[in-house]
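Residue numbers 2 to 285, in the working numbering, belong to the letters of the sequence shown in order.
See structure below.
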Amino acid sequence: MSATLSPATDSTAPAVDALPAKSSSFYTAMRLLPPDRRAAMYAVYAFCRAVDDVADDGGPAPVRAAELDRWRTDIDDLYAGRPAPRVQDLVVPIRRYGLLREDFQAVIDGMAMDAFEDIVAPDEATLDLYCDRVASAVGRLSVRIFGVAEQEGIALAYHEGRALQLTNILRDIDEDAERNRLYLPREKLAAIGLTAPTPQTAIDHPRIGEVCIAVAREAEAHYRATWDIIARCPRKVTKAPRLMAAAYRLYLDAVLTRGWEKPRARVKPGKLALLGVVLRHGIV
């Protein structure tokens, strides 16, 4: 079951258990925001984390389905002016920043894709839908809080969400396989002769690097589009997106440098490199 999220006692102090890890790029990026926008992002983060907990650790499938349905109802009731206690922290951000109901519902739908059946070699269209729901939908909520103009914000969420999620997929292929999940696309796996792969047979395949490099090239294209959009926006509203894009790009570069031969060590950019990202993008 997802954790009940206690409302913050003021605009800058969300519940401690609702905060992201202090070592994360997300935490650093959010700390750079003005207090009201930071509080709004923490509220969105708490919602996303709670729904994600249902998908990953919410018990048997019927229990998870019922809990996700309750979250859908809570979001509908929130927009109808009847907020349940666990979504109370979203009331002010929705009113202040124009956050859309369909983006919250898309996040729930994305978590549901993981909740009831392990994703194994989805086709390209399904993978793109998954990335849109679990990453770009969060981005659409976020860019409104950051203050990015509507048209540019939607495009930024589209590309940066996919860049970050594809980076996560490449970074986590071994960990995902341990959970019987494989997010690499079916078409690219078929190109190396894997037509009905299991997660383990895929990550053990001698040509799996070809698939991962092809996915990395798609991620790189999304990073390029992300930076093109950022360059057209006022710098003060893109501080958090810049930091996130630059930090995650370090992870993509690290897995490409490491390569795909087994054993594959878990990659983590060095502290100096991450500090350089903060110094470069954390100052307007």
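Even glycine gets a Cβ: it sits at the ideal position worked out from N, Cα and C.
Predicted, not measured: the structure shown is a model, and the values here were computed from it.
Residue i - partner residues in DSSP beta bridges
i           : result
residue 183 : 121
Enclosing alpha helix (DSSP H) for residue i [first to last residue]
i           : result
residue 272 : 272-282
residue 202 : 200-205
residue 36  : 36-58
Other residues of its chain near residue i: CB distance less than 8 Å, five sequence neighbours each side excluded
i           : result
residue 76  : 88, 102, 105, 106, 109
residue 15  : Because residue 15 sits at a pLDDT of 43, beneath the cut-off of 50, its placement in the model cannot be relied upon, and the following sentence gives the value as read from the coordinates. Contacts found: 9, 40, 43, 44, 47, 90.
residue 223 : 160, 161, 163, 164, 167
residue 121 : 181, 182, 183, 198, 199, 200
residue 62  : 116, 117
residue 49  : 108, 139
residue 191 : none
7 Å Cβ shell around residue i - same chain, five flanking residues per side excluded
i           : result
residue 175 : 204, 265
residue 98  : 41, 145, 146
residue 257 : 217
residue 156 : 230
residue 255 : 268, 270
Proximal residues to residue i (C-beta, below 6 Å), its chain only, five neighbours per side dropped
i           : result
residue 252 : 168, 172
residue 125 : 186, 188
residue 210 : 261
residue 1   : Absent from the model: residue 1. The displayed extent of the chain is 2 to 285, so no value can be given.
residue 38  : 146
residue 23  : Interpretation of residue 23 is limited by its pLDDT of 48, a score under 50 that renders its predicted location unreliable; the figure taken from the coordinates is listed afterwards. Excluding sequence neighbours, residue 23 sits near nothing in its chain.
If contact is defined by three or more beta carbon pairs under 8 Å, each pair taking one atom from either stretch, is the stretch 191-201 in contact with the stretch 129-145?
no
At least three beta-carbon pairs within less than 8 Å, the stretch 205-225 to the stretch 166-177:
Contact between the stretch 205-225 and the stretch 166-177 is present, because at least three Cβ pairs lie under 8 Å.
Just checking, does the stretch 233-253 make contact with the stretch 137-147 on the three C-beta pairs under 8 Å criterion?
Counting Cβ pairs under 8 Å, three or more are found: they touch.
Using a Cβ distance threshold of 8 Å, determine whether the stretch 182-190 contacts the stretch 79-86, with at least three qualifying pairs required.
no
Threshold first: 4 residues or longer. Then list the alpha helix (DSSP H) segments lying entirely within the stretch 109-175, N to C.
125-132, 138-147, 151-172
Is the stretch 50-59 touching the stretch 264-274, taking contact as three or more C-beta pairs under 8 Å?
no
Which residue spans inside the stretch 75-101 form an unbroken alpha helix (DSSP H) run of at least 4?
Complete alpha helix (DSSP H) runs here, min 4: 92-98.
Could you tell me whether the stretch 107-126 touches the stretch 148-157, using the rule of 3 or more Cβ pairs below 8 Å?
no
I'd like the ranges of any alpha helix (DSSP H) spanning at least 4 consecutive residues and lying wholly in the stretch 207-260.
209-233, 240-259
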